[in-house]
Amino acid sequence: MKKDILNATLLWIVLSILGWILVLNWNIFPPALAREARIVDDAFNLLTVLAVPVFTFVVAILIYAAFRFRSPGGVEDGPPIQDSGRILTAWLIVTIALAGGILINPGFVGMSEVRGEGGADVVIGVTGQRWSWTISYPNGVDVTSYTGELVLPVDQRIQFDITSLDPDVIHSFWIPAFRIKKDAVPGRITQMFITPTETGTFAEDPNVRVQCAELCGQGHAQMSMKVRVVEQAEFDAYLDEILAEGG
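Below you can see the structure in the form of structure tokens.
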């Protein structure tokens, strides 16, 4: 029995090492163009690293048991095995420790980092409706997803004030390159804070777009809008341009 435990443990260690090599060298995320996006990606990476030994532990036991204890046929069931209190206690302790650690970080710590400090450099209104977005810039000009794009300044903390114009439909404001999403709720204004850290456009990366992330009806797929992250001077020039054009 001790030999079986040792062999299964060695298999578990090997599978865990292979799993860690895979997850640490295989980036499944699109480019992160915001401070908050990197926090979210770090949280997912941490959870994946912690999940590898748990997953490979189960896989190692299944593989080892399937080959080591396979039945040659015609064998009757043996006597029932008495539960081991020590094994159950150890499993409970490890499970509680993992769950508690994840609750603290990236749970509470990650949420605090994503929220950041209060205040914003730029406040932009976002209104969702079937089946478009309306962006309200600080200069009072509104731009819709049918005719315009969402232009944001890089390295500025942006506050999005989000709501839904439809009385009975919830939308969800999401820019994949920023990771964070927020529901647009009728009759309420929800806030989302984002700090873009790199310039980028939809033409360069399809993830640099607004997309509704809440199934909202027949035109759900049409609720997208190109995004452009630019330098502050270009953002100011854009605001002057759309103001001169009257939106």
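Here this note's numbering is used: the first residue of the sequence shown is 93, the next is one more, and so on. All residues carry an ideal CB built from backbone N, CA and C; glycine is no exception. Given the structure is predicted, the values throughout are model-derived calculations rather than measurements.
Considering only C-alpha positions, which residue in the set the options is nearest to residue i?
| i | options | result |
| --- | --- | --- |
| Q314 | V321, R280 and H263 | H263 |
| M317 | W104, T187, G217 and V243 | V243 |
| I196 | S237, L138 and Q248 | L138 |
| I216 | Q251, P145, I194 and V186 | Q251 |
| I286 | I267, I188, P298 and S176 | I267 |
| M284 | A276, S228 and T291 | A276 |
| P230 | I334, L110 and L125 | I334 |
| A336 | D234, G220, S256 and V214 | D234 |
| Q310 | A126, P245 and V261 | V261 |
| E290 | Q303, A269, G166 and A305 | A269 |
| D328 | T239, A129 and P245 | P245 |
| A129 | P288, Y238, E306 and A305 | P288 |
| W104 | N117, V146 and L142 | V146 |
| L142 | L102, A189 and G166 | A189 |
Kindly list the residues whose CB is nearer than 6 angstroms to the CB of residue i, restricted to its own chain and excluding five residues on each side of it in sequence; keep chain order.
| i | result |
| --- | --- |
| E205 | I131 |
| W112 | V144 |
| L257 | T219 and Q221 |
| T236 | S224 and T226 |
| Q324 | P245 |
| S228 | G217 and D234 |
| Q303 | W266 and S316 |
Going by the CB atoms, is the gap between residue j and residue i shorter than 9 angstroms?
| i | j | result |
| --- | --- | --- |
| W225 | C308 | no |
| I100 | Y156 | The residue asked about is misnamed: residue 100 is Ala in this sequence, not Ile. Cβ distance < 9 angstroms, so A100 and Y156 count as in contact. |
| P122 | D297 | yes |
| G232 | R127 | no |
| R249 | G211 | yes |
To the nearest angstrom, report how far apart residue i and residue j are at their CA atoms.
| i | j | result |
| --- | --- | --- |
| P259 | G279 | 8 angstroms |
| T148 | I281 | 44 angstroms |
| K95 | I153 | 14 angstroms |
| L107 | N119 | 19 angstroms |
| V150 | V115 | 18 angstroms |
| V322 | G292 | 7 angstroms |
| G202 | I97 | 38 angstroms |
| T140 | R160 | 29 angstroms |
| T187 | L110 | 22 angstroms |
| G177 | P198 | 32 angstroms |
| D213 | D253 | 13 angstroms |
| F265 | D247 | 20 angstroms |
| L331 | K273 | 25 angstroms |
| D169 | A158 | 16 angstroms |
| F136 | E326 | 34 angstroms |
| T255 | Y238 | 18 angstroms |
| L180 | A305 | 41 angstroms |
| L102 | W183 | 19 angstroms |
| G338 | N117 | 49 angstroms |
Between residue i and the ligand COA, is the CB less than 8 angstroms from at least one heavy atom?
| i | result |
| --- | --- |
| G240 | The model on display carries no ligand, and the ligand COA is accordingly not part of it. |
Just to confirm my understanding: we take residue i, look at its own chain, exclude 5 residues before and 5 after, and list those with CB closer than 8 angstroms. What are they?
| i | result |
| --- | --- |
| F294 | E241, V300, R301, K318, V319 and R320 |
| D133 | F121, A124 and R271 |
| R162 | none |
Residues in the same chain with beta-carbon distance under 7 angstroms from residue i, minus the five sequence neighbours each way, listed in chain order, please.
| i | result |
| --- | --- |
| P164 | none |
Query raised in the report: Along the chain, which unbroken stretches of the beta strand (DSSP E) at least 3 residues long are found entirely within the segment 219 to 271?
Result: Under the rule that a run must span 3 or more residues, the beta strand (DSSP E) segments found entirely inside the segment 219 to 271 read 224 to 228, 234 to 236, 242 to 245, 250 to 256 and 263 to 266.
Requested in this report: Counting only runs of 3+ residues fully inside the segment 262 to 325, write out the beta strand (DSSP E) ranges in chain order.
Outcome: 263 to 266, 273 to 276, 282 to 286, 301 to 304 and 316 to 322
**Report entry** alpha helix (DSSP H) segments (min. 4 residues) lying fully within the segment 162 to 202
**Finding:** 177 to 194
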